[in-house]
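*Asks:*
In UniProt numbering, the protein residues as written are 1 to 124.
Here it is as structure tokens:
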């Protein structure tokens, strides 16, 4: 699953909509609830998927925010990466994909060996 980037026109429209100021708002970006960052984007701009790209698959202007690098880093490390990892874990569980917790118990089906009634060990 590859990440979908915003198109150039979408980035231009998001930057125009922001009027050169960071659009990060609220606790997802490490700010008090309802407060906007408002930093000047002349020092760097990054385009953030408001709803995680892995979950929403939405590259529209409504899902794009022009944010400063500090706000983008905060949201990515504190919210996006853990949420993406959780999504992968849940998908694996739903598809029945498991990881072995440890080595197979000797003599069990998973070990590949079978103990006969006379004590002899043979390959399954």
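Glycine is no exception: its CB is placed at the ideal position from the N, C-alpha and C atoms.
1) Rounded to the nearest angstrom, what separates residue 7 and residue 101 at their Cα positions?
2) Helix, strand or coil, according to DSSP, for residue 71 in the structure here?
3) Buried or exposed: residue 116, going by 16 or more other Cβ atoms within 10 Å of its Cβ?
4) Using DSSP bridges, identify the partner residues of residue 49.
5) Leaving out five residues on either side along the sequence, give the residues of the same chain with a beta carbon under 8 Å from the beta carbon of residue 127.
6) Would you identify the three-state DSSP class for residue 21, choosing helix, strand or coil?
7) Do you know offhand how far residue 52's Cα is from residue 34's?
8) Give me the DSSP bridge partner(s) of residue 113.
*Replies:* Walking through what the data contain:
1) In the chain shown, counting from the first residue as 1, residue 7 sits at position 7. In the chain shown, counting from the first residue as 1, residue 101 sits at position 101. Computed Cα separation, rounded: 43 Å.
2) As a position in the chain shown, residue 71 is number 71, starting the count at 1. Here residue 71 sits in helix by DSSP.
3) Start at 1 with the first residue of the chain shown, and residue 116 comes out as number 116. The residue in question, residue 116, is exposed, as its Cβ has fewer than 16 Cβ neighbours within 10 Å.
4) Within the chain shown, the letter at position 49 stands for residue 49. Residue 49 is bridged by DSSP to 64.
5) Only positions 1 to 124 of the chain appear in the structure, and residue 127 is not among them; the question remains open.
6) Position 21 of the chain shown, counting from 1, holds the residue named residue 21. Assignment of residue 21 by DSSP, reduced to helix, strand and coil, places it in the strand class.
7) By 1-based counting over the chain shown, the position of residue 52 is 52. By 1-based counting over the chain shown, the position of residue 34 is 34. If you take the alpha carbons of residue 52 and residue 34, they lie about 20 Å apart.
8) Looking up residue 113 in the chain shown gives position 113. According to DSSP, which records beta bridges pairwise, residue 113 is partnered with 123.
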